[in-house]
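Novice:
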Amino acid sequence: MRTLIAANWKMHGDLSWIQKPSEFRALFPAGKDNIEILLCPPAHMLEAMVGASTGLDISVGAQNCHDESSGAYTGELSADMVAETGATYVILGHSERRAIFGDTDNWVAAKTSAAQKAGLRPIVCVGESRAEREAGQAEEVVGAQIDGSIPADARGDNIVIAYEPVWAIGTGLTPTIEDIATIHDHIRGCLTARFGVKGADKIQILYGGSVNPENAQEILALKDVAGALIGGAGLEMKSLAAIAALA
Ligand code: 13P
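Heads up, the sequence shown is in this note's numbering, so the first residue is -8 and it goes up one at a time.
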């Protein structure tokens, strides 16, 4: 299993960014390490990004999809439409989607199933808010999100989980190394309860939230951290390559 270093560009960038895959590879040549690089640009550049990544061993993913295959859903993309661009991943249930656009656990589970059916590998995000952490509810909240957002047929090759504490996103704050280890262990436990040791062991769990070249080494060294989902530091290929070099 390769360590997954994923950049979520959110609503940033323009079509000139399709040179970023080659910019990245100039800094971090392919095949150097057992690392998979994933770029998740805004939807308008998905197809061009797939083209620009071909032959560079860089995967491309979307940041959302709808659970229906087609219909009167203005502004939405179905999982098949995402797959048609050549993208192979889709981020689902990001806390910004949950907080701003009303994605619920149920809806995330339906989107995840649709993505799997379309042959995409969904990255399902979970994470507690600041208030929930301070109330000592982080494990309970994350456990409930895992139970509600992950469909019954999850396997290592058809799903990735990302633990992203909401309060750590874009703030420069991160949980302690011990707290990250505790939550990842808890997620592994929830997955094991549902899918058995064999099924759960193969599911990659990423950490996301203010990952940068200064803290990546310590976080990525944790036993159950199989990669990172990176926001701000993933917009610059220099810092993304620096993080990949530490993985
Ligand atoms: P930052 O790395 O900017 O904190 O964002 C994390 C994130 O939301 C990735 O999905």
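Using N, Cα and C, we set each Cβ at its ideal position, and we do this for glycine too.
What do you get for N25, buried or exposed, if any count of 16 or more other CB atoms within 10 angstroms of its CB means buried?
Specialist: By the neighbour-count rule (16 or more Cβ atoms within 10 Å), N25 is not buried but exposed.
Novice: What is the DSSP secondary structure of P113, counted as helix, strand or coil?
Specialist: The answer is strand: DSSP assigns P113 an E or B state.
Novice: Let me check you understand the geometry: is the CB of H3 closer than 7 angstroms to at least one non-hydrogen atom of the ligand 13P?
Specialist: No - the ligand 13P has no heavy atom lying nearer than 7 angstroms to the Cβ of H3.
Novice: Give the straight-line distance between the Cα atoms of A53 and A34, rounded to the nearest whole angstrom.
Specialist: Each residue's Cα considered, the two are about 6 angstroms apart.
Novice: For the ligand 13P, is there any heavy atom lying closer than 7 angstroms to the beta carbon of G246?
Specialist: The shown model of the chain, from -8 to 238, leaves out residue 246, and the question about it has no answer.
Novice: Please state whether the Cβ-Cβ distance between S69 and C116 is less than 8 angstroms.
Specialist: No. Outside cutoff.
Novice: Would you call the region 143 to 162 and the region 176 to 195 touching, i.e. three or more CB-CB distances under 8 angstroms?
Specialist: Verdict: yes, contact present.
Novice: For a test of your reading of the model: does the CB of H57 fall under 7 angstroms from any non-hydrogen atom of the ligand 13P? Yes or no.
Specialist: Checking every heavy atom of the ligand 13P against the Cβ of H57, none is found closer than 7 angstroms.
Novice: Who are the near neighbours of D58 in its chain, counting only those whose CB is closer than 6 angstroms to its CB and skipping five residues on each side?
Specialist: Result list for D58: A101, K102 and A105, in chain order.
Novice: Compute the beta-carbon to beta-carbon distance between I82 and I114, rounded to the nearest angstrom, for a pair I have assumed lies under 8 angstroms.
Specialist: Contact flag correct, Cβ pair sits at about 5 angstroms.
Novice: Compute the distance between the beta-carbons of S120 and V157, then report whether it is under 8 angstroms.
Specialist: Against a cut-off of 8 angstroms, the Cβ pair of V157 and S120 comes out as a contact.
Novice: Give a single yes or no on whether N25 has its beta carbon closer than 7 angstroms to a heavy atom of the ligand 13P.
Specialist: Incorrect: N25 has no Cβ contact closer than 7 angstroms to the ligand 13P.
Novice: Taking A39 as the reference, give the member of V133, T173 and L6 with the closest Cα.
Specialist: The shortest Cα separation from A39 among V133, T173 and L6 belongs to L6.
Novice: How about V202: is its Cβ closer than 7 angstroms to a heavy atom in the ligand 13P?
Specialist: Yes, the beta carbon of V202 sits closer than 7 angstroms to at least one heavy atom of the ligand 13P.
Novice: Rounded to whole angstroms, what's the CA-CA distance from A129 to T173? Just pull it up for me.
Specialist: If I take the Cα positions, the gap works out to 10 angstroms.
Novice: Could you pull out every residue in the same chain whose Cβ sits closer than 6 angstroms to the Cβ of N203, ignoring the five residues on either side in sequence?
Specialist: A224.
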